[in-house]
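Note that this note's numbering has the first sequence beginning at 552, numbered continuously upward.
Report on one structure; see the data block that follows.
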Amino acid sequence: MTELSKAYNPNEVEDRIYKLWEESGFFSPEGLSSVASAKEDRFTSRKFVSCIAPPNITGELHIGHALENTLADIIIRMKRMQGYQTLWVPGIDHAGIATQNVVEKELKKEGLTRQNLGREKFLERVWQWKEKSGGKILEQFKKLGLSVDWSRLRFTMDENYQKAVSEAFNHYKKKDWIYQGYRVINWCPRCQSAISDLEVEYKETEGKLYFIRYPLVRESSFAKASEDRQTEYVVVATTRPETMLGDTAVAVNPNDERYKNLIGKKVILPIQDREIPIIADESIDISFGTGAVKVTPAHSVEDFEISQRRNLEVLEIIDKNGKMTEKAGLLCQGLSTKDCRQKVIEKLNELGLIEKIEELVHNIGHCERCGTIIEPLYSKQWFLKMRELAELAKKAITTGSVRIHPEKWKEDMITWLDNMHDWNISRQIWWGHKIPIEGEEDVLDTWFSSALWPFAVLGWPEKTKDLTEYYPTDFITSDRGIRYLWQARMIFSGLEFTGKPPFKDVYIHATVLTKEGQRMSKSLGTGIDPLVLIEKYGADALRFGLAFQTTGIQDIRFNEDVIDAGRKFANKIWNASRFVLIQIGESSKALAKEDGYELKLPSKLDTMDKEFIEELKRLIPLAQENINKFRFSQAVSEIYSFFWNRFASIYIEDAKQKIQNSNDKIQKTEVLLWLLANQLKLLHPFMPFLTEEIWSKLPIKNKKMLLVEQWPK
RNA sequence: GGGCAGUUAGUUCAGUGGCAGAACGUCCGGUUUACAUCCGGAAGGCCGCAGGUUCAAUCCCUGCACUGCCCACCA
552 MTELSKAYNP NEVEDRIYKL WEESGFFSPE GLSSVASAKE DRFTSRKFVS
602 CIAPPNITGE LHIGHALENT LADIIIRMKR MQGYQTLWVP GIDHAGIATQ
652 NVVEKELKKE GLTRQNLGRE KFLERVWQWK EKSGGKILEQ FKKLGLSVDW
702 SRLRFTMDEN YQKAVSEAFN HYKKKDWIYQ GYRVINWCPR CQSAISDLEV
752 EYKETEGKLY FIRYPLVRES SFAKASEDRQ TEYVVVATTR PETMLGDTAV
802 AVNPNDERYK NLIGKKVILP IQDREIPIIA DESIDISFGT GAVKVTPAHS
852 VEDFEISQRR NLEVLEIIDK NGKMTEKAGL LCQGLSTKDC RQKVIEKLNE
902 LGLIEKIEEL VHNIGHCERC GTIIEPLYSK QWFLKMRELA ELAKKAITTG
952 SVRIHPEKWK EDMITWLDNM HDWNISRQIW WGHKIPIEGE EDVLDTWFSS
1002 ALWPFAVLGW PEKTKDLTEY YPTDFITSDR GIRYLWQARM IFSGLEFTGK
1052 PPFKDVYIHA TVLTKEGQRM SKSLGTGIDP LVLIEKYGAD ALRFGLAFQT
1102 TGIQDIRFNE DVIDAGRKFA NKIWNASRFV LIQIGESSKA LAKEDGYELK
1152 LPSKLDTMDK EFIEELKRLI PLAQENINKF RFSQAVSEIY SFFWNRFASI
1202 YIEDAKQKIQ NSNDKIQKTE VLLWLLANQL KLLHPFMPFL TEEIWSKLPI
1252 KNKKMLLVEQ WPK
């Protein structure tokens, strides 16, 4: 028996234990088959496959990753101990726009741009960057103790993965679900790419609402003399006066009494001196502004839709750099939108056409990746038809072949699928999967490849052994922030390409907020670095604390004290184990059990023994049930409380007395060992490093690593 | 504008139609031979506000307030 130090030192233990696990091969199904037992149905017939959310290659481990993967690891470790052949494939996502931005920032330091370098050289730089720092986060996963199969590590830009992506694209193309079309899309002038609706972040901004007079075109021959003396106007309200240069109509609500008689007439667009029609459209809100809206089809999503309904001309006056085009007219051509606005206001003032200016707080869209204000632009993009795919996903969710937890997210997902627009899958960036069409320069939206993750990592489109054996997967957990971007799309992709939903259970975990309820973010300085917590308290303490705070559907207001409680608990477990080992040390001399103990209860048991054995036996199914139902806090606190308040405080204290009597010594020692060993098993999914380390010191016959020991029954 | 969630001890959160709970923190006392990262004890609550149902409401219903999140084309 090896002596245990007086206090538990996680930093000394963790890396060493992780290495042992890795070398054991037990993180992969092949490794498990080496200890398989058909008799007990261990690692033979039953399988449990978990699906990881691959982090971005730009990523650093944050507390959200730590929570998400800790919870998944708790489940998979329990399943492994229960005899399931488990598989959890790790990987990283190339994260198109995000990565491109990071590398562009690096270039900027050298005074370069991607355009200077050219496409080929730029991509070389991205790959270099990926090799250097892209996999950093995976090393950090090891610090957390995740039991993922490193032999199957995948990257969304791997050669095989690229094959999967083009296979998927061509499949859709053949079905005629992919088309090219002109739309007004969200354009980021800095990223020089279209971005999706879901990647636009709206921020409340103070702005101005300009009321502009558009003079009516007089029907001169019928005009009465009195009307001649006064000019008549339609007044429109806008926050972006510069876009008026591209107006091709003024729209009013057909039920608006104020304008009924003007529908079909014309106004003169100031500055441009163009005649444009007054049209009727139901979408116009009578109560906002003046009830009359200028229509700029090329630079507003809503206006574009009106233009399609009413056959209006689409006039592009802003280019991809956010500069005014020649169609904007001589006055403004070449100006930035900001300067152009200035110019337009000056001119309108000169003409006496600004009626008033009001203050207004409104939402302005920003690029989620770089913060630049989005410019809605008319442009040619690739789209994927969503109707049938959304229907597939909806059916899977409605019928329960994919279950969503907590259930409140189920309706939410269905509503989103019901209202889904066609998916703009093209991006005008360089880093990503090239659209597999001759002469096409665009790349695919990152989420197009992410959507294939659960089966692409197993080898699809090849009919590999992995795909047959381990697909569909059982489980995935992720943040609610990407339930549309990613989960919904994985569900329909899985169904479309394999005929099966990619996973059975989706667990949407809590979001980690600060103690004050703020969002954690690097830029606000409110983030908490899990690696610092691991350094300070140990990985087991962090895992304990995260599980302990995962109480239900509420978000977590992160409380570091609970991590500290985890550290103290780790030390408590360590010392209780030390006590047991000391007793064994003394007993084994008497018994000469040098090859270790059988893990079984003695035939003679006193009332106290029976009480505690029964209590522990009741705890096992409860813990199991709680983990299966994602009640992590309840699971871990019940085990905590039994270990500390019952086993350590009562049973051990009582045993100290009884052990004085040498007749009871052996009996007590065996019960102590039995109780401890089974509690270590229950604790292992939550605190794997510590429990593995203690397990390695226990004198038990024919033991394996705790990682693959049998879950208690 | 619409939807969802939350509001319970100093803090973070459980919980139940029948006397209000845990952890941490605070205070008091302990060198008990595994652990001072420990042990023993104590204080601390109009269960957001206002109505309703009920013998009985922190819990069920209605309304309101505040906080957070998501969705939406308010020009």
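Cβ atoms here follow ideal geometry from the backbone N, Cα and C, with glycine treated the same way.
Asked: So Tyr653 is in the alpha helix (DSSP H); what residue range does that whole segment cover?; Found: Correcting the residue type first, residue 653 is Val in the shown sequence and not Tyr. Run containing Val653: 647 to 660, per the alpha helix (DSSP H) assignment.
Asked: Among Gln731, Ala646, Tyr1191, Cys739, which one has its Cα closest to the Cα of Leu928?; Found: Cys739
Asked: Decide if Gln731 is buried, meaning its Cβ has at least 16 other Cβ atoms within 10 Å, or exposed.; Found: exposed
Asked: Could you tell me which uninterrupted alpha helix (DSSP H) segments, each at least 4 residues in length, are contained entirely in the stretch 1177 to 1225, listed from first to last along the chain?; Found: 1183 to 1192, 1204 to 1209
Asked: Relative to the alpha-carbon of Phe577, which residue among Ser1029, Leu902, Ser702 has its alpha-carbon at the smallest distance?; Found: Ser702
Asked: Given a threshold of 16 other Cβ atoms within 10 Å of its Cβ, counted over all protein chains shown, does Gly1068 qualify as buried or as exposed?; Found: exposed
Asked: Hey, would you say Ala1121 sits closer than 7 angstroms to Leu1241, going by beta carbons?; Found: yes
Asked: Mark Thr847 as exposed unless 16 or more other C-beta atoms lie within 10 angstroms of its C-beta, in which case mark it buried.; Found: buried
Asked: Using only CA atoms, which one of Thr1101, Ile1201, Lys726, Lys1161 lies nearest to Asn1177?; Found: Thr1101
Asked: With a CB to CB cut of under 6 angstroms and the five nearest residues on each side skipped, what residues in its chain are close to Gln781?; Found: Here the model assigns Gln781 a pLDDT of 49, short of 50, so the residue's position is not dependable, and the following value carries that caveat. So no residue of the chain qualifies.
Asked: Along the beta strand (DSSP E) that carries Trp572, what are the first and last residues, could you check?; Found: No beta strand (DSSP E) contains Trp572, which is instead part of the alpha helix (DSSP H) from 561 to 575.
Asked: How would you call Ile643, buried or exposed, if buried means at least 16 neighbouring beta carbons within 10 angstroms?; Found: buried
Asked: Can you tell me the Cβ-Cβ gap for Leu583 and Gln633, rounded? I've got them flagged as a contact below 8 angstroms.; Found: About 12 angstroms separates the two Cβ atoms, so there is no contact after all.
Asked: Can you tell me whether Arg567 is buried or exposed? The criterion is at least 16 other CB atoms within 10 Å of its CB, across all chains shown.; Found: exposed
Asked: Identify, in the order they occur along the chain, each residue of the same chain with its Cβ nearer than 6 angstroms to the Cβ of Glu565, setting aside the five sequence neighbours on each side.; Found: Ala1090, Phe1240
Asked: In angstroms, rounded to a whole number, what distance separates the CA positions of Thr888 and Lys725?; Found: 42 angstroms
Asked: Count the other CB atoms, across all protein chains shown, that sit within 10 Å of the CB of Ala776; report buried if there are 16 or more and exposed otherwise.; Found: Bear in mind that a pLDDT of 46 at Ala776, under 50, signals an unreliable position, so the model cannot answer this.
Asked: Take Glu655 and list the residues in its own chain whose beta-carbon comes closer than 8 angstroms to its own, dropping the five residues that flank it on each side.; Found: Thr664, Arg665
Asked: In the stretch 921 to 991, which residue ranges form an unbroken beta strand (DSSP E) of at least 3 residues, counting only runs that do not cross its ends?; Found: 926 to 935, 954 to 956
Asked: Which residue comes first and which comes last in the beta strand (DSSP E) that contains Tyr753?; Found: 751 to 766
Asked: Beta-carbon within less than 7 angstroms of Leu902's beta-carbon, same chain only, minus the 5 sequence neighbours each way: which residues are those?; Found: Pro821
Asked: Suppose contacts are defined by Cβ-Cβ distances below 7 angstroms. Is Phe1043 in contact with Leu940 by that definition?; Found: yes
Asked: Tell me whether the beta-carbon of Arg1118 lies closer than 7 angstroms to the beta-carbon of Lys1066.; Found: no
Asked: For Gly1096, I'd like the list of residues in its chain whose CB is within less than 6 angstroms of its CB, leaving aside the five on either flank, ordered along the chain.; Found: Val1113, Ile1114, Gly1117
Asked: By Cβ distance, which residues of its chain are closer than 7 angstroms to Gly983, with the 5 residues on each side in sequence left out?; Found: His645, Gly647, Val994, Leu995, Thr997
Asked: Near Gly686, which residues of its chain fall below 7 angstroms by C-beta distance, leaving aside the five closest residues on each side in sequence?; Found: Ile643
Asked: By how many angstroms is the C-alpha of Ile688 removed from the C-alpha of Lys1232?; Found: 29 angstroms
Asked: Glu1260: buried (16+ other C-beta within 10 angstroms of its C-beta) or exposed?; Found: buried
Asked: Can you list, in chain order, the residues of its chain whose CB lies under 6 angstroms from that of Thr707, leaving out five sequence neighbours each side?; Found: Asp644, His645, Ser1000
Asked: Find out if the Cβ-Cβ distance for the pair Ile819, Val751 is shorter than 7 angstroms.; Found: no
Asked: Using the three-state DSSP reduction, which class does Ala776 fall into: helix, strand or coil?; Found: Legend: pLDDT at Ala776 = 46, less than 50; position of this residue unreliable, value from coordinates given subsequently. Residue state, collapsed to three classes: helix.
Asked: For the stretch 804 to 816 against the stretch 854 to 867, do three or more pairs of beta-carbon atoms, one drawn from each stretch, fall closer than 8 angstroms, so that the two count as touching?; Found: no
Asked: What's the C-alpha gap between His1235 and Gly615?; Found: 22 angstroms
Asked: Hey, how far is the Cα of Phe839 from the Cα of Ile896?; Found: 22 angstroms
Asked: Select from Gly815, Gly1078, Thr1024, Leu1064 the residue whose C-alpha is nearest the C-alpha of Pro1052.; Found: Thr1024
Asked: Using a threshold of 7 angstroms, state whether the C-beta atoms of Ile1059 and Trp960 are closer than that.; Found: yes
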